[in-house]
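Down below is the structure, laid out as structure tokens.
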Amino acid sequence: MPGGRTVESEYGTMRVFEWGPQDGQKVLLIHGVSTPCVALRDMAREFEALGCRVMLFDLFGRGFSDAPRDIPYDDRLYTTQILLALASSPLAWTGDDAFHLVGYSLGGAIAAGFVAYRPTLVRSLTLVCPGGLIRPHHVSLKSRFLHARGILPSCLMNAIVRYRLNSHQGKTNADVPEAEDLDLDIPFDKVKVLPNVKVGDVVRWQLRHNQGFPQAYRSTMGNSPIYGQHSKGWMRLAQHLKDRQGGTRMPGLTNGRVCLILAQKDPIVIAQEWIEDCIALFGERGVRYHVLDGGHEIAISRGKLVANTAMKTWSEPFQLDTGLD
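Take the sequence shown: its letters are residues 10 to 334, numbered as in our numbering.
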């Protein structure tokens, strides 16, 4: 991808990509738990084609970013990484209504937590098949064990996670680790990231070339706000949205709503559950939802459609939702 730079920090180096017209609307994209930011390339290129300045970065322990070993991979670490990425730009990415924030899968959970404490900074929030409000009963006992702390030595747990992520088993679902045995139209690992590169290829590359990847994956699944956040940071986000639905103009979160983009066949981010939970939290005015055909991979496989859906929602007037797109 164009506009690549290496950013040094106390946590190690991270890889950031930024390109597009300097005077365009700014869009920051955050990827999922196991696929680095190259997975969102098509979406980013479409935002650029629509006149936007885009920024992506590899989360710590993924892609070309280092993996710090002495701290948990929680929302505090990822918030710090977002701020490091923004500060590394030659352009201003701070101030009121500075940029649109788009988070996919784990990136959605990270984005929601970021905005919950910085509502004026972000012009709009778009969540694509996000984590955060996934109901806890979707977490299998096996996954609870694998991502728990202190049960087995870390080196052994990392080895187990490495084995599970290695898609030679033919069933690994990298960004949806609980959904191993469901009948999907296309296995997640078979989704194309580049013309000749699939998700499984990217995961295997990370296992070979980024030694911190298994630890980063396991720590993220055990420490990040992926499941059952209904009464936590999402409540703060809900209040920020309500504050912006009155007559007084406030910076950030235009129109006091979130753009939620879901997939009909997503086995973990269940569309109907998310619609119910978001309306309960944010109210009907606080969320504009779209349900697209496809599975959890839509941000990768249908990135252009996701980008156009998001941009349309950012500028449209408020209306109550009535059903599927």
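Glycine is no exception: its CB is placed at the ideal position from the N, C-alpha and C atoms.
DSSP-derived helix/strand/coil call for residue i
i: residue 101; result: coil
i: residue 191; result: With a pLDDT of only 48 at residue 191, under 50, the local geometry of the prediction cannot be trusted, and no value is derived from it.
i: residue 173; result: helix
i: residue 110; result: strand
i: residue 69; result: coil
i: residue 64; result: strand
i: residue 207; result: strand
i: residue 202; result: strand
i: residue 313; result: helix
i: residue 10; result: coil
i: residue 263; result: helix
i: residue 182; result: Note that residue 182 scores 47 on pLDDT, short of 50, meaning its location in the model is unreliable; the coordinates nonetheless yield the value given after this. It is coil, neither helix nor strand.
i: residue 167; result: helix
i: residue 323; result: helix
i: residue 216; result: helix
i: residue 122; result: helix
i: residue 257; result: coil
i: residue 58; result: helix
i: residue 318; result: helix
i: residue 33; result: coil
Distance between residue j and residue i (C-alpha atoms, nearest Å)
i: residue 247; j: residue 201; result: 35 Å
i: residue 298; j: residue 270; result: 6 Å
i: residue 28; j: residue 162; result: 42 Å
i: residue 98; j: residue 209; result: 31 Å
i: residue 196; j: residue 258; result: 45 Å
i: residue 265; j: residue 293; result: 11 Å
i: residue 190; j: residue 276; result: Low per-residue confidence applies at residue 190: pLDDT is 43, beneath 50, and the placement is therefore not dependable enough to give any value.
i: residue 234; j: residue 21; result: 23 Å
i: residue 222; j: residue 256; result: 47 Å
i: residue 116; j: residue 139; result: 7 Å
i: residue 19; j: residue 323; result: 36 Å
i: residue 25; j: residue 70; result: 13 Å
i: residue 232; j: residue 101; result: 31 Å
i: residue 286; j: residue 60; result: 33 Å
i: residue 303; j: residue 17; result: 38 Å
i: residue 180; j: residue 207; result: Low local confidence applies: a pLDDT of 46 at residue 180 is under 50, so the model's placement there is unreliable, with the coordinate-based value given in what follows. Residue 180 and residue 207: Cα-Cα distance of roughly 14 Å.
i: residue 114; j: residue 169; result: 23 Å
i: residue 64; j: residue 172; result: 32 Å
i: residue 342; j: residue 224; result: Here the chain covers residues 10 to 334 and nothing more, so residue 342 does not appear.
i: residue 316; j: residue 31; result: 19 Å
i: residue 73; j: residue 278; result: 28 Å
i: residue 12; j: residue 43; result: 22 Å
i: residue 216; j: residue 174; result: 8 Å
i: residue 321; j: residue 280; result: 20 Å
i: residue 10; j: residue 81; result: 29 Å
i: residue 14; j: residue 62; result: 16 Å
i: residue 46; j: residue 136; result: 16 Å
i: residue 319; j: residue 267; result: 10 Å
i: residue 344; j: residue 68; result: Outside the modelled stretch of the chain, which goes from 10 to 334, sits residue 344, for which no answer is possible.
i: residue 112; j: residue 283; result: 15 Å
N- and C-terminal bounds of the beta strand (DSSP E) containing residue i
i: residue 270; result: 267-272
i: residue 229; result: Element bounds for residue 229: not the beta strand (DSSP E) but the alpha helix (DSSP H), 222-232.
i: residue 17; result: 13-18
i: residue 300; result: 296-301
i: residue 21; result: 21-28
For residue i: DSSP bridge partner residues
i: residue 306; result: According to DSSP, residue 306 bridges with nothing at all.
i: residue 143; result: 236
i: residue 39; result: 112
i: residue 135; result: 111 and 268
Range of the contiguous alpha helix (DSSP H) that encloses residue i
i: residue 288; result: 280-291
i: residue 89; result: 84-96
i: residue 251; result: 242-252
i: residue 48; result: No alpha helix (DSSP H) holds residue 48; DSSP gives it neither H nor E.
#### Entry: Three-pair Cβ contact test at 8 Å for the segment 299-316 versus the segment 93-105
In this structure the segment 299-316 does not lie against the segment 93-105, because fewer than three pairs of beta carbons, one per stretch, are closer than 8 Å.
### Task
Could you say if the segment 226-234 and the segment 45-61 meet the contact criterion of at least three C-beta pairs nearer than 8 Å?
The segment 226-234 is not in contact with the segment 45-61.
### Task
Check whether the segment 117-130 touches the segment 82-102, taking contact to mean three or more Cβ pairs, one atom from each stretch, closer than 8 Å.
Yes, the segment 117-130 touches the segment 82-102.
### Stretch-stretch touch, CB-based, cutoff 8 Å, three pairs: the segment 77-86 with the segment 30-50
The segment 77-86 is not in contact with the segment 30-50.
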